[in-house]
Amino acid sequence: CSDGCTCQSHQTCEQAMTTIERTRHAYNQNLPRPYSPFSGVGLIGEAVLAAALTLTQKHILHTAATIPAKHQPFAACVSNRESHGNYRAKGDVSSARGRWQFLDKQWRHGLSFMVTDRLVHFGMKTRDAKRIRTQMLHAPIDKWTPVLQDVAFVSVITHKGGYRHWYIAGSKCNSLAVK
């Protein structure tokens, strides 16, 4: 891409730019929004779409959500164990939600701030990150877009001892955690 990003979702930069231009037009004309890799369920998809209207912002979101190589084996194990990679998963007996099965009641507030901090750290404008945070606070974690769920996970596991939130006695994932 012209701004140095790598286009995701099997789109060329030209196709991504066309989608972004159509999205801007739809917002300006109050028309139905075209498909975007950021469209999700409810308010969070809309917030991310509104905040990610440039290729640079799209790049920031994907960079912030990228799981560092040293954490990838642990992340793959946890994702498979917790939800089989399903971003819309809901726990049967708890408020666990999303791919990483964060307990919604305990995590939603703090995670939204962690995501905001990470997005700003990677270069997103504070006002755009705060807009996303506001929407995150009002939606269950399983309604957050996949990219935001992944930013949240990376925010937690890259803090010292963050892997402990997914510790289960006897789980093979424990040995994959970077300590």
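In short: position in the sequence shown from 1, add 972, done, that's the working numbering.
Quick reminder that beta carbons are idealized off the backbone N, C-alpha and C, glycines included.
Pick out whichever of V1123, I1129, Y1135 and G1142 has its Cα sitting closest to the Cα of H1093.
As a working note, residue 1093 is residue 121 in the sequence shown. With respect to the C-alpha of H1093, the residue from V1123, I1129, Y1135 and G1142 having the closest C-alpha is V1123.
Does K1144 come out as helix, strand or coil in the three-state DSSP assignment?
Along the sequence shown, read from residue 1 onward, the residue named residue 1144 stands at position 172. When DSSP states are grouped into helix, strand and coil, K1144 belongs to the helix group.
Can you list the alpha helix (DSSP H) stretches of 4 or more residues lying completely in the stretch 1052 to 1125, in chain order?
DSSP runs (the alpha helix (DSSP H)) wholly in the stretch 1052 to 1125: 1076 to 1093 and 1098 to 1109.
Neighbourhood of L1148 by C-beta distance below 7 Å, restricted to the same chain and skipping five residues each side:
Here residue 1148 is taken as the residue at index 176 of the sequence shown, counted from 1. Closer than 7 Å at Cβ, skipping near neighbours: P1045, F1046 and C1049.
If the criterion is Cβ atoms closer than 8 Å, does the pair D1076 and P1118 meet it?
The residue you call residue 1076 lines up with position 104 of the sequence shown. The residue you call residue 1118 lines up with position 146 of the sequence shown. No, Cβ-Cβ distance for D1076 and P1118 is not below 8 Å.
In the DSSP assignment, the alpha helix (DSSP H) including I1032 goes from what residue to what residue?
Taking the sequence shown and counting its residues from 1, the one referred to as residue 1032 is at position 60. Its alpha helix (DSSP H) spans residues L1027 to A1037.
How big is the Cα-Cα spacing for Q1107 and S1055?
Within the sequence shown, the letter at position 135 stands for residue 1107. Within the sequence shown, the letter at position 83 stands for residue 1055. Roughly 24 Å between the two C-alpha positions.
Under 8 Å between the Cβ atoms of G1082 and D1114?
Along the sequence shown, one-based indexing puts residue 1082 at 110. Along the sequence shown, one-based indexing puts residue 1114 at 142. Cβ atoms of G1082 and D1114: not closer than 8 Å.
Given a threshold of 16 other Cβ atoms within 10 Å of its Cβ, counted over all protein chains shown, does I1032 qualify as buried or as exposed?
Position 60 of the sequence shown holds residue 1032. With 16 or more Cβ atoms within 10 Å of its Cβ, I1032 is classed as buried.
Cβ distance (whole Å) where R1090 is taken to contact A1041 below 8 Å
Residue 1090 sits at position 118 when you count from the first residue of the sequence shown. Residue 1041 sits at position 69 when you count from the first residue of the sequence shown. Wrong, their Cβ atoms sit about 18 Å apart, outside the cutoff.
How big is the Cα-Cα spacing for L1027 and I1039?
Indexing the sequence shown from 1 puts residue 1027 at position 55. Indexing the sequence shown from 1 puts residue 1039 at position 67. Cα atoms of L1027 and I1039: separation of roughly 20 Å, rounded to the nearest angstrom.
Exposed or buried, T1088, counting other C-beta atoms within 10 Å across all chains shown (16 or more means buried)?
Your numbering for residue 1088 matches position 116 in the sequence shown. Buried.
Nearest-angstrom Cα separation, counted from I1104 out to G1134
To locate residue 1134, count along the sequence shown from 1; it is residue 162. To locate residue 1104, count along the sequence shown from 1; it is residue 132. Roughly 23 Å separates the two Cα atoms.
What separation, rounded to the nearest whole angstrom, lies between the Cα atoms of Y1059 and F1085?
Within the sequence shown, residue 1059 is the residue found at index 87, counting from 1. Within the sequence shown, residue 1085 is the residue found at index 113, counting from 1. Cα to Cα, the separation comes out at about 20 Å.
Let me confirm a value: H1110 is counted as buried when at least 16 other C-beta atoms fall within 10 Å, else exposed. Which label applies?
Numbered from its first residue, the sequence shown carries residue 1110 at position 138. Note on H1110: under 16 other CB atoms within 10 angstroms of its CB, so exposed under the neighbour-count rule.
8 Å is my cut-off, CB to CB: does A1037 come that close to chain D?
Annotation note: the requested chain D is absent from the structure, which comprises a single protein chain.
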